[in-house]
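Quick note: the sequence shown uses our numbering, first residue 16, plus one each step. Here is the structure we will look at.
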Amino acid sequence: MRTIIEPFKIKMVEPIQMTTREQRQAIMVKAGYNPFLIPAEDVLIDLLTDSGTSAMSAEQWAAMMRGDESYAGARSFTRFETVVKSLTGLRHIIPTHQGRAAERILFSVIGGPGKVIPSNTHFDTTRANIEHGGAEAIDLIDPRNTDPTFRAPFKGNMDVPALERLIEEVGRDNVPLVMMTITNNATGGQPVSMANLKAVRAVCDRYGLPMFIDAARFAENAWFIQQREEGFKDKSLRQIAHEIFAMANGVTMSAKKDALVNIGGFLALDDDDLAMQCRSVLILTEGFPTYGGLAGRDLEAIAQGLEEILDPDYMRYRIRSVEFLGEKLIEAGVPIFEPPGGHAIYIDAKRFLPHIPAEQFPGQALMAALYLEGGVRSCEIGSVMFGRYDAEGRFHGAPNELVRLAIPRRVYTQSHIEYLIEVVIEVFQNRAQIRGLKFAYEAPVLRHFMSTFTPV
Ligand code: F0G
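What follows is the structure, encoded as structure tokens:
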């Protein structure tokens, strides 16, 4: 088989900053060993997130120039609405400035004290918006699927018997909806199978509950279904996406991922009453229902991006380049969350740095080492983010210590990926020298964004 190439050529380039190790050392100290506090200019390969970091196409930029900035009833809204309606099959399309705005609006209407919202795994902002309104966010994932060493084709799946038990326990009236996050970002970027979506749908039908989809990476999920699930080889990504959305009563989407744009999102609904209530909340903080929190040009770019994301040549290259990175790391003995996810590789810092205990933040220490070695910016998803203190003030580490290498869409080339592989392997070979970190300043909330650290 021939090399799978980037199915695009480059028309515009953005220089990246070369730095020396000494410079990076000073930058890291100044940033308090927190990747969110490093100026982006001082990063060579930026894998902090795949969110809002995509390169837009010539067609998307052209569409932006056609943006209609009318306050109400803009042509750009009509285009956006047409594309999202035809993709999701849902009748009410509500634009928001990003995914979490859709979540906030939805859960401020249907959440509240006493309510329970199950998901395969909620993304952090979804959980935060649910909890902010006083409802409870519950993750229902088979514990085997959160084990980095366990290999299965659809580790993002929901534990369906656990869903039934939960509904029985809390009562169907306290479950306003069931949420499915595709792909499952908080569980290694792993996909959800069509069979699992159908099984969840069947449970929802039995109890008369709506099923919602967090569709941030729906197209990547569709690719995995096409490649890995029996009976989907001959279906197009669009057909598979339609089949997924046909099961949904509602969709929240961060367009910053699989709509290939730098900002945007939406809430799509089939329920007239709920849509009216959500639009009323939308007007308070986002804007009039035909623009939400967005400019007309943003709506154009999303509409165009949603068409491009389902191109099989794009998706083959996209998933293969992440998988290639994963394979090379596994070959070199680097422990990662297996199998490789759709949008990111998650290094298993617990096995990478067994000499660093949870309270010295092995993931954060590895993040720092990757930056010092090669100017690569990554993000810890471990005890900095999810560690907790009990009533006696004792620290409890997170179940996993991961470092996410999230790959922006259409931004880096094969040689960037090869460079990245070299950096990770070099750090792995010198891992015994890496030391843990302790808090210099521990932020009371949003610890991973605001805290600073020093080496132990
Ligand atoms: N849902 C999922 C599955 C996400 O991954 C994100 C964002 C959101 C919702 C929220 O969307 O950022 O547009 O408000 N994930 C980013 C990340 C931030 O880095 O994984 P948003």
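Glycine included, every Cβ here is placed at the ideal spot set by N, Cα and C.
Report the CB separation of residue i from residue j in whole angstroms; it is logged as a contact under 8 Å.
i: Leu252; j: Leu224; result: Not a contact, Cβ separation roughly 28 Å.
i: Ala359; j: Ile422; result: 6 Å
i: Pro206; j: Phe233; result: So it is not a contact: roughly 10 Å between Cβ atoms.
i: Gly215; j: Val175; result: Checking the displayed sequence, the identity of residue 215 turns out to be Val instead of Gly. About 6 Å; that satisfies the 8 Å criterion.
i: Thr136; j: Ala201; result: 4 Å
i: Phe138; j: Asp285; result: That belief does not hold up - the Cβ atoms of Phe138 and Asp285 are roughly 22 Å apart, past 8 Å.
i: Gly397; j: Ala364; result: 6 Å
i: Leu289; j: Val439; result: Incorrect: roughly 46 Å between the Cβ atoms, too far for contact.
i: Asn199; j: Phe227; result: In fact, because the Cβ distance is near 15 Å, the residues do not count as touching under 8 Å.
Between residue i and the rest of its own chain, which residues show a CB-CB distance below 6 Å, the 5 nearest in sequence each way excluded?
i: Ala70; result: Arg425, Val426
i: Arg403; result: His411
i: Ile239; result: Looking at the sequence shown, residue 239 is not Ile but Phe. Pro206.
i: Met400; result: His463
i: Gly149; result: Gly127, Pro128
i: His107; result: Leu284, Ala290
i: Arg312; result: Met79, Gly82
Quick check: does the Cβ of residue i come within less than 7 Å of any heavy atom belonging to the ligand SAH?
i: Ser466; result: In the structure on display, the ligand SAH does not appear, and the ligands it does have are the ligand F0G.
Spatial neighbours of residue i within its chain, please: C-beta separation below 7 Å, excluding the five flanking residues on both sides.
i: Ile432; result: Ser336, Phe339, Leu340
i: Gly129; result: Asn189
i: Gln113; result: Ser269, Lys271, Ile278, Gly279, Gly280
i: Ala177; result: Leu155
Can you tell me whether residue i sits near the ligand F0G, meaning its C-beta is under 7 Å from at least one heavy atom of the ligand?
i: Thr68; result: no
i: Thr141; result: yes
i: Asp229; result: yes
i: Gln113; result: yes
i: Ala421; result: yes
i: Thr196; result: yes
i: Lys271; result: yes
i: Phe138; result: yes
i: Asn160; result: no
i: Gly378; result: no
i: Gly223; result: no
i: Asn135; result: no
i: Thr64; result: yes
i: Asn144; result: no
Do you know whose CA, among the options, lies nearest residue i's CA?
i: Ala167; options: Arg243, Leu275, Ile345; result: Arg243
i: Pro350; options: Val442, Asp229, Ala261; result: Val442
i: Asn49; options: Lys213, Ala455, Val471, Val460; result: Ala455
i: Leu344; options: Asn189, Ile362, Pro327; result: Ile362
i: Phe260; options: Asn144, Thr196, Asp154; result: Thr196
i: Ile231; options: Gly67, Asp83, Pro163; result: Contrary to the premise, residue 231 reads as Ala rather than Ile in this sequence. Among Gly67, Asp83, Pro163, the Cα nearest to that of Ala231 belongs to Gly67.
i: Ala210; options: Gly186, Val185, Ala237; result: Ala237
i: Leu309; options: Leu52, Phe23, Leu63, Tyr86; result: Tyr86
i: Pro355; options: Asp405, Ala406, Ala318, Gly171; result: Gly171
i: Met194; options: Glu151, Tyr329, Glu184; result: Glu151
Any Cβ of chain D within less than 8 Å of the Cβ of residue i?
i: Asp287; result: Note that chain D does not occur in the displayed structure, where there is just one protein chain.
Between residue i and the rest of its own chain, which residues show a CB-CB distance below 8 Å, the 5 nearest in sequence each way excluded?
i: Ile120; result: Ile109, Thr111, Leu282, Cys293, Val296, Leu297, Glu301
i: Lys213; result: Met262
i: Glu179; result: Val218
i: Glu74; result: Gln319, Glu323
Three Cβ pairs or more, each shorter than 8 Å: is that satisfied between the stretch 45-59 and the stretch 25-36? yes
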